[in-house]
Amino acid sequence: MLPTLTPLTFDPAHPFPFISNLSLSLAVLTVDDGTKKFSRVKLPENRPRLIPIVDGEVPRGAIDEPSQHADADKFVRLEAVIAANVNLLFPNVEVLDCSTFRVTRNAEVRRNEEVAEGLIEMIEDVLRQRRFATVVRVEVDEAMPEEVRSMLVEQLEISERELFELPEPLGLDDYF
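What the sequence shown shows, in the numbering used here, is residues 23 to 198, in sequence order.
Below, the structure written as structure tokens:
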């Protein structure tokens, strides 16, 4: 699964990464040469959130085909597996924290239907606008450090009222 993960680091040389609507991400706080850095790792949407455990181990292929392991007696969350191994994405760097967060963007896009040339063009335009819509809610793991929360508030241009501290797991709708 490691090749499907791409950490995006935010620092003076790199802009804050775009975070798509309702995608689950890990906020990774690292320190390199005394400088703290924030990185975002998006959880792959093409992988199951629950990984089966059989006899205390993750069976071969369980991440790709979890339904093949109906004999699983336990499950581990995908984000927990990635967080436990996040140091592999940041070699030679100290990982200070790894917390889960999810952004919700405004799905209401105003559109002048009289200006639209056709229904298909109008729908495509609305979907494009929705992708980059204003952030209206950010859910964060309640254990997320204050400095990471503050950075998210500042970079996503939201108020403290739009930041919701919740117990893990976030994005419970992924399980249904």
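Quick reminder that beta carbons are idealized off the backbone N, C-alpha and C, glycines included.
For Asp-196, the CB contacts under 8 Å within the same chain, skipping 5 residues up- and downstream, are Leu-46, Arg-71 in chain order. Inter-segment contact for the stretch 73-80 and the stretch 174-189 is absent: fewer than three beta-carbon pairs are separated by less than 8 Å. Val-63 and Phe-123 do not touch by the CB rule: their CB atoms are close to 11 Å apart, not below 8 Å.
For Leu-188, the pairing in a beta bridge is given by DSSP as Asp-163. Counting of Cβ neighbours within 10 angstroms places Val-160 among the buried residues, the total reaching 16 or more. For Ala-106, there is no enclosing beta strand (DSSP E); the enclosing alpha helix (DSSP H) covers residues 100-106.
Under the three-state reduction of DSSP output, Glu-176 falls in the helix class. A straight-line Cα-Cα distance of about 6 Å links Val-175 and Ser-181.
The beta carbon of Phe-32 sits closer than 6 Å to the beta carbons of Phe-38, Phe-60 from its chain, once the five residues preceding and following it are set aside; these are given in chain order.
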